[in-house]
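Below you'll find the structure, written out as structure tokens, and then a few comments.
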Amino acid sequence: MDYQWDFSAVVTYWPVLLVGLKNTIILAAVCLVLGLFFGLFVGAARYSSNRLVNWPATAFVEVFRNTPVLVQIMWFYFAFPIISPIEVNAFTAATLGLTLNTVAFSSEIYRAGIQSISKGQWEAAKALGMTYTEQMRRIILPQAIRRMVPAFTNRAVELVKMTSLASVIAYGELMHQAKTISIIAFNPIEMYTSVAIIFFVLIAPLSLLVQRLEMKKRKSS
Amino acid sequence: MGYEWDFSVVFGNFDLLLLGLVNTLKVTGLALFFGIPLGLVLALMRLYGNKALRWPAGFIIEFLRSTPPIAQLFWFFFALPILLGVEIDPFSASVLTFSLQSSAFFAEVFRGGIQSIDNGQWEAAKAIGMTRNATLQRIILPQAVKRMIPAFLERAIELMKTTTLVSTISYSDLLYQANTIAQSSYRTLEVYTTAAAMYFVVILACSLLVGRLEHRLGRSGEITRG
Amino acid sequence: METNQNTEVLCLEGLKKSFGDLLVLDNIDLRVTKGETIVILGASGSGKSTMLRCVNFMEVPSGGRIILHGEQVGKENQNGSRTYDEKSLSDLRSRVGMVFQHFNLFPHMTVKQNVMEGPRTVLKCDQAECERRAKLYLDKVGLGWKADAWPSELSGGQQQRVAIARALAMEPDIMLFDEATSALDPELVGEVLETMKQLAEEGMTMLIVTHELGFAYTVADRVLFLSKGKILEQGAPEAVLINPKEEATKNFLRGHGSFRLPEPNLD
Numbered sequence: 001m002d003y004q005w006d007f008s009a010v011v012t013y014w015p016v017l018l019v020g021l022k023n024t025i026i027l028a029a030v031c032l033v034l035g036l037f038f039g040l041f042v043g044a045a046r047y048s049s050n051r052l053v054n055w056p057a058t059a060f061v062e063v064f065r066n067t068p069v070l071v072q073i074m075w076f077y078f079a080f081p082i083i084s085p086i087e088v089n090a091f092t093a094a095t096l097g098l099t100l101n102t103v104a105f106s107s108e109i110y111r112a113g114i115q116s117i118s119k120g121q122w123e124a125a126k127a128l129g130m131t132y133t134e135q136m137r138r139i140i141l142p143q144a145i146r147r148m149v150p151a152f153t154n155r156a157v158e159l160v161k162m163t164s165l166a167s168v169i170a171y172g173e174l175m176h177q178a179k180t181i182s183i184i185a186f187n188p189i190e191m192y193t194s195v196a197i198i199f200f201v202l203i204a205p206l207s208l209l210v211q212r213l214e215m216k217k218r219k220s221s
Numbered sequence: 001m002g003y004e005w006d007f008s009v010v011f012g013n014f015d016l017l018l019l020g021l022v023n024t025l026k027v028t029g030l031a032l033f034f035g036i037p038l039g040l041v042l043a044l045m046r047l048y049g050n051k052a053l054r055w056p057a058g059f060i061i062e063f064l065r066s067t068p069p070i071a072q073l074f075w076f077f078f079a080l081p082i083l084l085g086v087e088i089d090p091f092s093a094s095v096l097t098f099s100l101q102s103s104a105f106f107a108e109v110f111r112g113g114i115q116s117i118d119n120g121q122w123e124a125a126k127a128i129g130m131t132r133n134a135t136l137q138r139i140i141l142p143q144a145v146k147r148m149i150p151a152f153l154e155r156a157i158e159l160m161k162t163t164t165l166v167s168t169i170s171y172s173d174l175l176y177q178a179n180t181i182a183q184s185s186y187r188t189l190e191v192y193t194t195a196a197a198m199y200f201v202v203i204l205a206c207s208l209l210v211g212r213l214e215h216r217l218g219r220s221g222e223i224t225r226g
Numbered sequence: 001m002e003t004n005q006n007t008e009v010l011c012l013e014g015l016k017k018s019f020g021d022l023l024v025l026d027n028i029d030l031r032v033t034k035g036e037t038i039v040i041l042g043a044s045g046s047g048k049s050t051m052l053r054c055v056n057f058m059e060v061p062s063g064g065r066i067i068l069h070g071e072q073v074g075k076e077n078q079n080g081s082r083t084y085d086e087k088s089l090s091d092l093r094s095r096v097g098m099v100f101q102h103f104n105l106f107p108h109m110t111v112k113q114n115v116m117e118g119p120r121t122v123l124k125c126d127q128a129e130c131e132r133r134a135k136l137y138l139d140k141v142g143l144g145w146k147a148d149a150w151p152s153e154l155s156g157g158q159q160q161r162v163a164i165a166r167a168l169a170m171e172p173d174i175m176l177f178d179e180a181t182s183a184l185d186p187e188l189v190g191e192v193l194e195t196m197k198q199l200a201e202e203g204m205t206m207l208i209v210t211h212e213l214g215f216a217y218t219v220a221d222r223v224l225f226l227s228k229g230k231i232l233e234q235g236a237p238e239a240v241l242i243n244p245k246e247e248a249t250k251n252f253l254r255g256h257g258s259f260r261l262p263e264p265n266l267d
């Protein structure tokens with residue numbers, strides 16, 4: 001291999017990449033916060049015994065878990081505007097797709113986490129005279145959330161990776177910026193190598209954290 | 001909503017969508033075919049190799065798990081051919097990327113499965129004089145693989161979802177076919193909804209299968225201490 | 001040493017084992033003659049299990065020599081230390097049987113396959129020989145009728161007897177029992193001890209770590225009492241169990257005050 005590596009364009013266009021990095025982080029953060037927030041409600045809805053509540057929630061979760069996230073993003077970008085009352089730009093479409101996807105997955109994490117708490121905890125709280133909301137808020141959730149932390153961190157890892165899909169609908173995140181530069185500067189090797197490394201630096205600490213947390217969880221159980 | 005749904009373009013091109021689905025399954029299947037054995041090799045290197053094997057295996061696994069698949073795919077499709085001076089068509093780049101990408105995840109499944117086997121099994125095999133290789137082959141892996149089956153299938157489903165990326169390098173999978181039909185017909189709502197529904201049916205079927213298998217493996221309680 | 005019965009099977013010389021800074025075995029010397037049944041007693045942490053596990057190199061000793069049938073295990077380096085390659089350890093272990101506290105049967109194999117695994121994989125016996133051994137040793141532990149059962153279908157006592165058959169199928173020179181009855185429900189202990197007793201009577205050489213003092217009294221030829229990694233006291237069961245000399249031994253026996261000697265006759 002006598003290819004001459006030349007990373008000068010990466011340096012020249014660094015500000016462009018930084019914009020992409022910023023957009024990647026914004027998209028991931030917005031979708032994570034919204035996803036975890038609404039995920040709690042969908043999770044609670046699936047836990048409900050009322051069929052009118054539980055059935056739509058289940059359908060929602062199954063649809064978003066069982067279709068590819070890229071298809072979800074494409075759908076929100078190309079198909080949804082036709083029936084949407086509001087304008088849908090690339091950021092909106094990506095946010096909708098990734099948030100709803102995160103809602104679906106995190107609702108399952110909440111559900112599994114709550115179910116993992118033994119029945120005795122509910123009964124002990126009930127025996128003290130707590131209401132359902134009090135039992136949930138003071139006894140069950142604090143224990144369950146601790147168990148959910150590794151799974152949520154894992155979701156965050158997946159989410160950061162998924163934001164790269166927004167490049168397909170030309171949202172200016174890291175991958176899209178790299179693609180653009182590589183065409184202008186004609187240096188796909190250096191560009192895509194750099195972008196892979198940037199993502200790695202961004203994600204690897206989170207991944208390691210997940211492994212650390214899971215190991216701790218395994219030891220404590 | 002005054003929108004008039006019209007699925008005629010979908011029905012007219014359904015054979016193209018089906019062809020796309022077949023291509024999706026083809027890439028997924030080949031990636032599994034290469035990715036699983038490669039994953040086992042990586043896992044064994046990471047678990048039992050000396051430093052010269054353990055360290056690179058760990059790095060490869062972490063790198064592939066911590067970078068977006070689209071970045072990997074673009075690297076193998078746009079960068080690698082220049083580096084090697086050979087042409088790589090979309091299909092080969094896709095199979096290459098997803099074989100490697102899934103191997104990292106399968107490596108972790110293998111590692112988890114192997115580590116979940118009680119240390120007493122190793123000791124018992126050692127005590128009758130079995131070597132490490134023989135123990136791994138005859139005692140540990142047969143038990144571990146059985147426990148890993150649900151995790152394998154889950155990974156396979158994730159893989160199938162991830163292969164939609166091949167549409168971005170113009171390999172004619174289901175999503176690519178949908179893009180093409182949608183752009184030429186302007187019936188994006190119907191076409192993308194249909195494509196999503198097709199993915200949903202296939203993936204949900206697989207998910208249900210996984211659920212049932214998990215249930216059965218769990219119920220048979222095949223691993224009792226003994 | 002009077003008769004030709006007294007060939008030496010196993011010899012430990014200055015055996016040492018430490019985990020980090022913790023010295024677990026401190027200069028253990030032991031000679032085991034053919035057909036001898038030795039019971040090793042000691043409080044938890046006294047090193048008795050570690051001593052047993054060093055004999056077949058489940059733990060690699062930190063120092064000293066292990067001689068099986070006159071052959072020292074491992075290759076000597078120039079500086080006097082020893083290296084142990086997988087082949088020679090496999091060879092050693094195929095001649096030393098071991099039974100664990102938690103049975104460790106292979107759950108994905110039937111009872112018969114469990115017993116045949118060693119002869120097939122390690123000794124490379126042909127199918128007929130494997131079958132012969134499986135039948136012979138399963139019959140010996142009284143479980144021939146369970147040959148096609150899965151381990152999970154057996155009681156703990158039965159599982160442990162299969163584990164004994166699995167070790168016997170290697171036709172070892174010596175058998176090690178590491179608290180073989182400690183994980184069993186009380187009512188299942190008897191059948192396993194009975195099997196061990198029968199082996200002792202047939203002349204199997206055995207090293208047994210156990211808390212069953214009654215068993216030690218009736219079956220052992222020699223009892224060792226380990227304390228802080230050393231053999232503190234040893235001798236015939238009457239000497240150690242009835243007339244102990246050392247204070248530590250007496251303390252240990254006081255803690256086991258509930259055992260009755262001899263075993264009640266319930267026939």
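Protein chains in written order, with full-length UniProt numbering: chain A, 1 to 221; chain B, 1 to 226; chain C, 1 to 267.
The C-beta atom is built at its ideal place from N, Cα and C for all residues, glycine as well.
- Interface with chain B (8 Å Cβ-Cβ cutoff): residue 121 of chain C is included.
- Residues of chain C whose Cβ lies closer than 7 Å to the Cβ of residue 123 of chain B are, in chain order, 58, 100 and 104.
- Here residue 3 of chain A is exposed. Its C-beta has fewer than 16 other C-beta atoms within 10 Å.
- Take the alpha-carbon of residue 134 of chain A and the one of residue 155 of chain A: they are about 28 Å apart.
- In the displayed model, residue 105 of chain C falls within coil according to three-state DSSP, outside both helix and strand.
- Within the DSSP bridge table, the entry for residue 32 of chain C names C:10 as partners.
- As computed with DSSP, residue 42 of chain C is found in a beta bridge with C:226.
- Contact residues of the segment 184-204 of chain B toward chain A are 188, 189, 192, 193, 195, 196, 199, 200, 203 and 204 (C-beta to C-beta distance below 7 Å).
- Scanning C:216, C:61, C:64 and C:199 for the CA closest to the CA of residue 179 of chain C turns up C:216.
- Going by DSSP, residue 91 of chain C is part of the alpha helix (DSSP H) stretching over 86-95.
- According to the DSSP assignment, residue 15 of chain B belongs to the alpha helix (DSSP H) that extends over 14-48.
- Inter-residue distance for residue 29 of chain A and residue 151 of chain B is about 28 Å (C-alpha atoms, whole angstroms).
- Collapsing the DSSP output to three states places residue 175 of chain A in a helix.
- With a cut-off of 8 Å on Cβ pairs, the segment 97-117 of chain C is not in contact with the segment 39-46 of chain C, counting fewer than three such pairs.
- Taking the beta carbon of residue 139 of chain B as reference, the chain C residues within 7 Å of it are 106, listed in sequence order.
- DSSP, reduced to helix, strand and coil, places residue 70 of chain C outside both helices and strands of the structure shown, so it counts as coil.
- Chain-ordered, the chain B residues with CB closer than 8 Å to the CB of residue 90 of chain C read 129, 130 and 131.
- Rounded to the nearest whole angstrom, the C-alpha separation of residue 160 of chain C and residue 94 of chain B is 53 Å.
- A straight line joining the alpha-carbon of residue 47 of chain A with that of residue 251 of chain C spans about 59 Å.
- Residue environment: residue 212 of chain A is assigned as exposed (fewer than 16 neighbouring CB atoms within 10 Å of its CB, all protein chains considered).
- Legend: CB atoms of the segment 174-198 of chain C lying less than 8 Å from CB atoms of chain B are not found in any residue.
- Of all residues in the segment 52-77 of chain C, the ones placed with a Cβ closer than 7 Å to any Cβ belonging to chain B are 56 and 58, in chain order.
- Nothing from the segment 31-57 of chain B brings a Cβ to less than 7 Å from some Cβ of chain C.
- Interface with chain C (8 Å Cβ-Cβ cutoff): residue 142 of chain B is included.
- The segment 190-251 of chain C is shown to contain whole beta strand (DSSP E) runs of 3 or more residues at 206-209, 222-227 and 230-235, in chain order.
- When secondary structure is reduced to three states using DSSP, residue 174 of chain C falls in the strand class.
- For residue 139 of chain A and residue 216 of chain A, the gap between their C-alpha atoms comes out near 22 Å.
- The segment 35-44 of chain A makes no contact with the segment 136-153 of chain B, as fewer than three CB pairs between them are under 8 Å.
- In the displayed model, residue 83 of chain C falls within a strand according to three-state DSSP.
- Against residue 175 of chain A, the close residues of chain B are 68, 70, 71 and 74, in the order they occur along the chain (beta-carbon pairs closer than 8 Å).
- DSSP, reduced to helix, strand and coil, places residue 50 of chain C within a helical segment of the structure shown.
- Using a Cβ-Cβ cut-off of 8 Å, residue 3 of chain A counts as an interface residue toward chain B, since at least one Cβ of chain B sits closer than that to its own.
- Contact check for residue 13 of chain C against residue 65 of chain C passes: the beta carbons are separated by less than 8 Å.
- Scanning its chain for C-beta atoms nearer than 8 Å, with the 5 sequence neighbours on each side dropped, one finds around residue 213 of chain B the residues 149, 150 and 153, in chain order.
- Under the Cβ criterion of 8 Å, residue 175 of chain B is counted among the residues facing chain A.
- The beta carbon of residue 193 of chain C lies closer than 7 Å to those of 181, 212 and 215 in the same chain, with the five residues before and after it left out.
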